[in-house]
Amino acid sequence: MMPVLLSALLLLHGAIALPASSLHETSYDSDVSTHTIPNTPAAIWQPPLGTDWEIVLLSPPTTYDDKVAIYDLDVWDNPKETVGSRHAKGQKVVCYFSAGTWESWRPDASQFPDEVLGNNLEKWSGGENVERWLDIRAGVVRAAMRARIANAQEKGCDAVDPDNVDIHDNDNGFSLSANDSLDYVQWLIIEAHRRGMAFGLKNAPDILPSIMTNIQFAVNEECVQKGDCHLYDSFVAAKKPVLHIEYPKGDDSNNDPVPGEEMAAACAFMQSHRFSTLIKNMDLDEWVQHCRTMLSV
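Mapping of the sequence shown onto mature numbering (1 follows the signal peptide of the UniProt record, and there is no 0): residues -17 to -1, 1 to 280, in sequence order.
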């Protein structure tokens, strides 16, 4: 038998182990079968349709609105005590982190080797802070994200809000496909559920149909502006909430109220009574207007 063919057959039957030097550092994580998600554990929190919420990511909040049911907060910037204080008020805490980008200012930034760092996110990279797309297929990336999810669990978060999972729709530098994003999101769902936390899909409505039964809520930015809120019709019909944000001010961040006409355009759209819509500054500071002031949810 030809040596090459013999080696191939032995490899298939497990008789030859590949040397470590032949395994690329960015090999796929192998502990999850692609596109296979166990049934959601019964203990996982399911927020109700139309729930009211607030999101503050720029820095830890200085004041809190006790009337909202959910706070979406940065997992890095808020200690366990903050989560506990919200629980004491009967609120749930969703913990935000970026799952699709490397952020130079994060404590674990050194754990990502150069080969998993793709193109810059121009909008969010400036001065000392740099943000770059990640090769979400890489084992080292998934190990870091597993640690971030574990951090959220340790702090007592009720759910996770992993951002930038729509990497396939952006100039990421790795030619990643929608299937790559889907595989990654499915893996993230499993990791969150293993730790008793709910999962919210951030944007990426094109992969929503494939995971709709496995996630507890969606987080959407600017579906009114983009004209694609209808992509969530089946989701809200299943009585799962869309935590929705519009940014009518664009890049301006100030405490000025949005005029009534602009507010109405952002708040009163088809199916809007089923969405949980906030008007925010783009930097997601503490300024907010709630569409509950205009609509009966």
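All C-beta atoms, glycine included, are put in the ideal place defined by N, C-alpha and C.
Simplified DSSP assignment, three categories, for residue i
i	result
tyrosine 54	strand
leucine 41	coil
leucine 214	helix
serine 16	Any reading at serine 16 needs caution, since the residue's pLDDT is 39, under 50, leaving its predicted position unreliable; the model's value is listed next. Here serine 16 sits in coil by DSSP.
Same chain, Cβ closer than 7 Å to residue i, neighbours up to 5 away in sequence not counted
i	result
isoleucine 150	Gly83, Trp116, Ile119, Leu159, Ser164
isoleucine 53	Pro30, Thr34, Trp36, Gln74, Lys75, Val77
asparagine 197	Ile20, Thr23, Ile172
alanine 92	Trp85, Glu86
arginine 89	Trp59
asparagine 61	Pro43
valine 66	Val76, Lys138, Gly139, Cys140
tyrosine 167	Ile119, Val148
tyrosine 79	Leu40, Asp55, Leu56, Asp57, Val58, Asp144, Asp146
glutamine 272	Pro240, Val241, Met246, Ile262
serine 236	Asn264, Met265, Asp266, Asp268
Own chain residues within Cβ distance below 8 Å of residue i, not counting five before or after
i	result
glycine -4	Low per-residue confidence applies at glycine -4: pLDDT is 38, beneath 50, and the placement is therefore not dependable, though the value from the model is reported in the following sentence. None.
glutamate 114	Ser81, Thr84, Trp85, Glu86, Ser87, Asn103, Leu104, Trp107, Ser108
serine 4	Any reading at serine 4 needs caution, since the residue's pLDDT is 31, under 50, leaving its predicted position unreliable; the model's value is listed next. Within the same chain, serine 4 has no close Cβ partners at all.
Nearest-angstrom beta carbon gap, residue j and residue i [assumed within contact, 8 Å]
i	j	result
aspartate 141	methionine 195	20 Å between Cβ atoms; not a contact.
aspartate 144	glycine 101	22 Å between Cβ atoms; not a contact.
valine 207	leucine 226	The pair is not a contact, with the Cβ atoms about 14 Å apart (cut-off 8 Å).
lysine 222	phenylalanine 200	Not quite, the Cβ-Cβ distance comes to about 11 Å (not below 8 Å), so this is no contact.
glutamate 204	asparagine 186	6 Å
Close-in-space but distant-in-sequence residues of the same chain around residue i (CB under 6 Å, 5 per side omitted)
i	result
glutamate 245	Pro231
arginine 69	Tyr54, Val76
tryptophan 28	Asp141, Ala181
Counting only runs of 3+ residues fully inside the stretch 59 to 138, write out the beta strand (DSSP E) ranges in chain order. Qualifying beta strand (DSSP E) stretches, in chain order: 75 to 81, 84 to 86, 100 to 103, 114 to 117.
Say whether the stretch 212 to 225 touches the stretch 181 to 196, bearing in mind that this needs 3 or more beta-carbon pairs closer than 8 Å, one atom from each stretch. Judged by Cβ distances under 8 Å, the stretch 212 to 225 makes contact with the stretch 181 to 196, as three or more pairs qualify.
Within the chosen definition, does the stretch 41 to 53 reach the stretch 96 to 113 through at least 3 CB pairs nearer than 8 Å? Cβ pair count under 8 Å is below three, so no.
Beta strand (DSSP E) runs wholly inside the stretch 130 to 212, at least 3 long, in chain order: Assignment of beta strand (DSSP E) within the stretch 130 to 212, counting only whole runs of 3 or more residues, yields 142 to 146, 181 to 185, 200 to 204 in chain order.
Would you check if the stretch 196 to 216 and the stretch 254 to 269 touch, i.e. whether three or more CB-CB distances between them fall below 8 Å? The stretch 254 to 269 is in contact with the stretch 196 to 216.
Would you mind listing the alpha helix (DSSP H) stretches within the stretch 219 to 256 that are 4+ residues and don't spill past its ends, in chain order? Runs of the alpha helix (DSSP H) inside the stretch 219 to 256: 243 to 250.
Is the stretch 258 to 268 touching the stretch 118 to 137 in the sense that three or more CB pairs, one from each, lie closer than 8 Å? Put simply, the stretch 118 to 137 does not touch the stretch 258 to 268. Fewer than three CB pairs are less than 8 Å apart.
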